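Per the UniProt record's numbering, the very first residue in the sequence shown carries number 1; after that it's consecutive.
See below for the structure under consideration.
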Amino acid sequence: MIGRHNAMSTESVGRINDTADVVIVGAGLAGLTAARTFSCRGRADRRDTGQAAGGRAWTKRDALTGHSFEMGGMFVDAGQRVISAALREYGLTTTPGARRQQHRLDQRRAAQRTAARAQR
Numbered sequence: 001m002i003g004r005h006n007a008m009s010t011e012s013v014g015r016i017n018d019t020a021d022v023v024i025v026g027a028g029l030a031g032l033t034a035a036r037t038f039s040c041r042g043r044a045d046r047r048d049t050g051q052a053a054g055g056r057a058w059t060k061r062d063a064l065t066g067h068s069f070e071m072g073g074m075f076v077d078a079g080q081r082v083i084s085a086a087l088r089e090y091g092l093t094t095t096p097g098a099r100r101q102q103h104r105l106d107q108r109r110a111a112q113r114t115a116a117r118a119q120r
């Protein structure tokens with residue numbers, strides 16, 4: 001539930017709710033932020049073709065090792081003031097990232113690009 005209305009529910013694109021003040025297309029970070037903002041001010045109807053809210057921000061769990069891999073939308077640095085302000089406004093927190101990262105494939109060190117490609 002975001003605000004007063006269920007803007008998080010995944011509705012497939014279809015018949016638009018004619019009682020909505022605003023129709024938001026997409027349930028990624030921008031769409032969910034807009035849905036929350038507008039649902040606090042009136043009726044917002046959010047539509048998306050995806051299976052779940054979140055857009056490109058999702059977590060993939062490796063079936064073999066059980067490790068989780070963040071697949072997008074996970075890095076926020078101090079220079080991203082607008083995103084940082086939105087996180088504070090919505091009461092979201094962050095955790096420090098690793099200072100050094102190492103990517104491994106088949107027990108061997110791999111370049112970040114190679115590791116990212118293998119996770120798709």
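All C-beta atoms, glycine included, are put in the ideal place defined by N, C-alpha and C.
The structure displayed is predicted, hence computed values, not measured ones.
The DSSP-derived three-state label of A34 is helix. Following the DSSP letters along the chain, one finds R108 inside the beta strand (DSSP E) bounded by residues 108-110.
Within the DSSP bridge table, the entry for I24 names R46 as partners. Between A57 and G72, the CB-CB gap stays under 7 Å. When DSSP states are grouped into helix, strand and coil, L29 belongs to the helix group. Counting along the chain, no alpha helix (DSSP H) covers L92, and no H or E run does either.
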